[in-house]
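Okay, structure first, notes after.
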Amino acid sequence: MSIKITDKLGRPLRDLRLSVTDRCNFRCRYCMPPEIFDKNFQFLPKNEVLTLEEMAYITKLFVKAASIKKVRITGGEPLMRQNVSHLIALIREIEAIEDIAMTTNGSLLPKYAKELKENGLDRVTISLDCLDDEKFRYINGRDISVNTVLEGIKAAKKAGLHVKINMVVKRGMNDKDILPMAHYFKETGIVLRFIEYMDVGNSNGWKLDHVVSKKEILSIINEELPLEEVEPHYDGEVATRYKYKDNENEIGIISSVTDTFCSTCSRIRLSAEGKLVTCLFSNSGHDIRDMLRSGASDNDLINRIVNIWNARDDKYSEERLYNTDKQKIKKIEMSHIGG
Ligand code: SAM
Ligand code: SF4
Ligand code: SF4
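Following full-length UniProt numbering from start to finish, the sequence shown increments by one per residue and tops out at 339.
What follows is the structure in structure tokens.
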């Protein structure tokens with residue numbers, strides 16, 4: 001029996017995103033600016049972070065509460081979490097889960113890709129913002145080479161993982177890299193998804209001028225590499241898909257700023273410290289860890305999940321379109337909830 005629960009705007013709950021750590025080995029300037037996330041920055045202490053078993057347990061509760069079928073592991077950098085493959089194995093044991101994906105910066109995939117696949121991971125989305133080595137070393141704030149990520153992509157493919165690439169586009173940072181990235185990935189058969197730079201959190205100094213719109217990205221590529229739009233795979237797909245006219249490969253554009261998709265948003269996020277977050281732009285989450293640790297019954301925990309979802313009325317991106325002051329409110333950082 002499939003259980004469908006809806007929020008105040010009639011949206012079903014379908015996907016769960018698990019942030020397994022708030023730490024990262026990169027300091028991407030649009031996500032964890034190195035001046036703020038420096039050596040004095042207080043990351044979550046270990047006892048506040050959910051154990052892998054607790055995360056798997058909560059995932060089971062989501063299956064019971066809402067018949068979720070898809071889980072994405074993210075962070076921070078999920079591969080910085082010790083033994084994250086064990087979490088994948090635990091989730092793989094949950095029969096109802098059909099799809100397990102991970103979003104990663106790719107740098108540790110040469111070490112872990114094989115083990116992740118063997119433990120049941122289906123897909124990885126690897127973030128890469130340009131192919132220009134000097135620029136990439138600057139963007140990631142840790143002098144990490146493009147080649148490190150390319151090796152990660154290679155390792156993921158070799159292990160049999162399905163791979164997609166995410167490129168956040170920020171004006172003045174990597175808008176000149178849109179075409180080189182499109183050319184490169186067109187030939188590899190790997191889908192590249194361009195993401196409009198978002199005002200997540202409060203530390204990245206976001207301005208509307210920094211956003212390169214979906215329309216602009218599309219016209220830059222289309223002029224040199226003609227594209228045609230493709231039907232969405234499923235209801236609520238966040239990327240608009242396009243296919244190259246002379247090749248079967250596709251790109252996607254995620255237009256979270258200029259063309260919102262709140263009306264079909266069916267995701268909930270669990271932060272590393274056990275807070276349920278109903279929108280990427282929420283200013284706080286709903287605790288579930290303390291309830292779990294104090295011995296609440298499954299029924300109580302499931303009711304909590306259902307009540308949180310039933311009360312949800314988030315539509316930040318839609319509201320921001322008409323009121324850009326909205327972005328000044330206090331919001332959870334991206335590295336805490338994982339995009
Ligand atoms: N560390 C992993 C990674 O980078 O793939 C997973 C976590 S990261 C927060 C998830 C995704 O969010 C990445 O693809 C990253 O590029 C994207 N992201 C981070 N900050 C963003 C922003 N301000 N706007 C749009 N996307 C952003
Ligand atoms: Fe780390 Fe990912 Fe944020 Fe970059 S985008 S700082 S890799 S969490
Ligand atoms: Fe979903 Fe919030 Fe993004 Fe709208 S703004 S699509 S509700 S995460």
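Heads up, the beta-carbon is just placed ideally off N, CA and C, and yes, glycines get one too.
This one's a predicted model, so the numbers in the text were calculated from it and none came from an experiment.
Open item on the list: Does Pro-78 pass the burial test, meaning 16 or more other C-beta atoms within 10 Å, or should it be called exposed?
Closed with: Counting from 1 along the sequence shown, the entry for residue 78 is found at position 78. The residue is buried, with at least 16 neighbouring Cβ atoms inside 10 Å.
TODO: To the nearest angstrom, report how far apart Leu-321 and Thr-260 are at their CA atoms.
DONE: Indexing the sequence shown from 1 puts residue 321 at position 321. Indexing the sequence shown from 1 puts residue 260 at position 260. Near 8 Å, if we compare the C-alpha coordinates of Thr-260 and Leu-321.
- [ ] Output the boundary residues of the beta strand (DSSP E) element that contains Leu-227.
- [x] The residue given as residue 227 occupies position 227 in the sequence shown. That run of the beta strand (DSSP E) goes 227 to 230.
Task: Buried versus exposed call for Glu-196 [16 or more other C-beta atoms within 10 Å across all chains shown] - done: Numbered from its first residue, the sequence shown carries residue 196 at position 196. With 16 or more other Cβ atoms within 10 Å, it is buried.
TODO: Could you check the C-alpha separation between Ile-153 and Thr-278 for me, to the nearest Å?
DONE: Mapped onto the sequence shown, residue 153 falls at position 153. Mapped onto the sequence shown, residue 278 falls at position 278. Using only the alpha carbons, I get a separation of about 31 Å.
Task: Local conformation of Asn-174 per DSSP, three classes - done: Your numbering for residue 174 matches position 174 in the sequence shown. Residue state, collapsed to three classes: coil.
Open item on the list: Let me check understanding here. Comparing Cα to Cα, which of Ile-288, Cys-130, Glu-237 lies closest to Leu-179?
Closed with: For the purposes of this step, residue 179 is identified with residue 179 of the sequence shown, where counting begins at 1. Sorting Ile-288, Cys-130, Glu-237 by C-alpha distance to the C-alpha of Leu-179 places Cys-130 at the top.
TODO: Inspect the beta-carbon positions of Lys-186 and Tyr-244 and report whether they are closer than 8 Å.
DONE: Mapped onto the sequence shown, residue 186 falls at position 186. Mapped onto the sequence shown, residue 244 falls at position 244. Closer than 8 Å, so yes.
Task: Residues near Ser-203 in its chain [Cβ-Cβ closer than 7 Å; skip 5 each side] - done: Sequence index remark: in the sequence shown, residue 203 carries index 203 (1-based). Once the five neighbours on either side are set aside, the close Cβ partners of Ser-203 are Pro-33, Ile-36, Glu-333.
Task: Which listed residue (Met-291, Lys-275, Leu-292, Val-191) has its alpha carbon closest to that of Gly-285 - done: For the purposes of this step, residue 285 is identified with residue 285 of the sequence shown, where counting begins at 1. Closest option to Gly-285, Cα to Cα, is Lys-275.
Task: Residues near Arg-29 in its chain [Cβ-Cβ closer than 7 Å; skip 5 each side] - done: As a working note, residue 29 is residue 29 in the sequence shown. These residues qualify, in order along the chain: Ile-139, Gly-141.
TODO: With distances taken Cα to Cα, identify the nearest neighbour of Ala-272 among Cys-31, Leu-44, Ile-254, Asp-15.
DONE: In the sequence shown, counting from the first residue as 1, residue 272 sits at position 272. Residue Leu-44 is the option with its Cα nearest to Ala-272.
Open item on the list: Taking the alpha-carbon of Ile-144 as reference, which of Glu-95, Cys-24, Ile-88 has the nearest alpha-carbon?
Closed with: By 1-based counting over the sequence shown, the position of residue 144 is 144. The residue with the shortest Cα to Cα distance from Ile-144 is Cys-24.
Open item on the list: Here's the rule: buried if 16 or more other CB atoms are within 10 angstroms of the residue's CB, otherwise exposed. What is Glu-250?
Closed with: Here the question's residue 250 lines up with position 250 in the sequence shown. Under this definition Glu-250 is a buried residue.
Open item on the list: Which residue marks the beginning of the beta strand (DSSP E) containing His-162, and which one marks its end?
Closed with: On the sequence shown, residue 162 is found 162 positions in, with the first residue counted as 1. Run containing His-162: 162 to 169, per the beta strand (DSSP E) assignment.
Task: Integer-rounded CB distance, given that Lys-60 should sit under 8 Å from Ile-94 - done: Position 94 of the sequence shown, counting from 1, holds the residue named residue 94. Position 60 of the sequence shown, counting from 1, holds the residue named residue 60. Their Cβ separation, rounded to whole angstroms, is 6 Å, which keeps Ile-94 and Lys-60 in contact under 8 Å.
Task: Buried versus exposed call for Thr-188 [16 or more other C-beta atoms within 10 Å across all chains shown] - done: Reading the sequence shown from its first residue, position 188 is the one you call residue 188. Exposed, by the Cβ-count rule.
Task: Trp-206 vs Ile-268 beta-carbon contact at 8 Å - done: Locating residue 206 in the sequence shown gives position 206, where the first residue counts as 1. Locating residue 268 in the sequence shown gives position 268, where the first residue counts as 1. No.
- [ ] Give every residue of the same chain whose Cβ lies closer than 7 Å to the Cβ of Asp-132, excluding the five residues on either side of it in the sequence, and list them in chain order.
- [x] Numbered from 1 along the sequence shown, position 132 holds the residue referred to as residue 132. Its chain contains Asp-177 as the residues whose beta carbon lies nearer than 7 Å to that of Asp-132, once the 5 sequence neighbours on both sides are disregarded; these appear in chain order.
Task: Opposing strand residues paired with Asp-99 [DSSP bridges] - done: Your numbering for residue 99 matches position 99 in the sequence shown. In the DSSP output, where bridge partners are listed per residue, Asp-99 has Lys-70.
Task: Beta-carbon proximity list for Asn-283, same chain, < 8 Å, skipping 5 on both sides - done: The count along the sequence shown starts at 1 and reaches residue 283 at position 283. The residues Ile-329, Lys-330, Lys-331, Ile-332, in chain order, have a CB closer than 8 Å to that of Asn-283 in the same chain once the five nearest residues on each side in sequence are set aside.
- [ ] For the alpha helix (DSSP H) containing Glu-223, list its first residue and its last residue.
- [x] Mapped onto the sequence shown, residue 223 falls at position 223. 214 to 224 is the span of the alpha helix (DSSP H), which, as asked, contains Glu-223.
Task: Residues bridged to Asp-298 (per DSSP) - done: Position 298 of the sequence shown, counting from 1, holds the residue named residue 298. Answer is none; Asp-298 lacks a bridge partner.
Open item on the list: Using 8 Å as the threshold, is the C-beta distance between Ile-5 and Ala-65 below it?
Closed with: Locating residue 5 in the sequence shown gives position 5, counting from the first residue. Locating residue 65 in the sequence shown gives position 65, counting from the first residue. Against a cut-off of 8 Å, the Cβ pair of Ala-65 and Ile-5 comes out as a contact.
- [ ] Pick out whichever of Gly-75, Lys-158, Glu-98, Ile-91 has its Cα sitting closest to the Cα of Ala-113.
- [x] Residue mapping note: residue 113 aligns to position 113 of the sequence shown, counting from 1. Nearest C-alpha to Ala-113: Lys-158.
- [ ] Given a cut-off of 8 Å, decide if Ser-263 and Lys-214 are closer than it, judged by their beta-carbon atoms.
- [x] Here the question's residue 214 lines up with position 214 in the sequence shown. Here the question's residue 263 lines up with position 263 in the sequence shown. The answer is no: Cβ separation not under 8 Å.
Open item on the list: Suppose you measure from the CA of Ile-220 to the CA of Glu-115; what does that come to, to the nearest Å?
Closed with: Taking the first residue of the sequence shown as 1, we reach residue 220 at position 220. Taking the first residue of the sequence shown as 1, we reach residue 115 at position 115. Near 39 Å, if we compare the C-alpha coordinates of Glu-115 and Ile-220.
Open item on the list: Taking 5 Å as the limit, name every residue whose beta carbon sits nearer than that to some heavy atom of ligand 3, in sequence order.
Closed with: For ligand 3, the residues with a Cβ under 5 Å from any of its heavy atoms are, in chain order, Cys-262, Cys-265, Cys-279, Leu-280, Asp-314, Tyr-316, Ser-317.
Open item on the list: Based on DSSP bridge pairs, tell me the residues matched to Ala-239.
Closed with: As a working mapping, residue 239 is identified with position 239 in the sequence shown. Its beta-bridge partners are Ile-254.
Task: Within 8 Å, strictly: CB atoms of Asp-22 and Gly-76 - done: Taking the first residue of the sequence shown as position 1, residue 22 is located at position 22. Taking the first residue of the sequence shown as position 1, residue 76 is located at position 76. Yes.
- [ ] Taking Arg-92 as part of the alpha helix (DSSP H), name the residues at either end of that continuous run.
- [x] Mapped onto the sequence shown, residue 92 falls at position 92. Where Arg-92 is concerned, the enclosing alpha helix (DSSP H) stretches over 84 to 92.
TODO: Return the residue from the list Val-168, Val-124, Val-169 that minimises the CA-CA distance to His-162.
DONE: As a position in the sequence shown, residue 162 is number 162, starting the count at 1. Nearest of Val-168, Val-124, Val-169 to His-162, Cα basis: Val-124.
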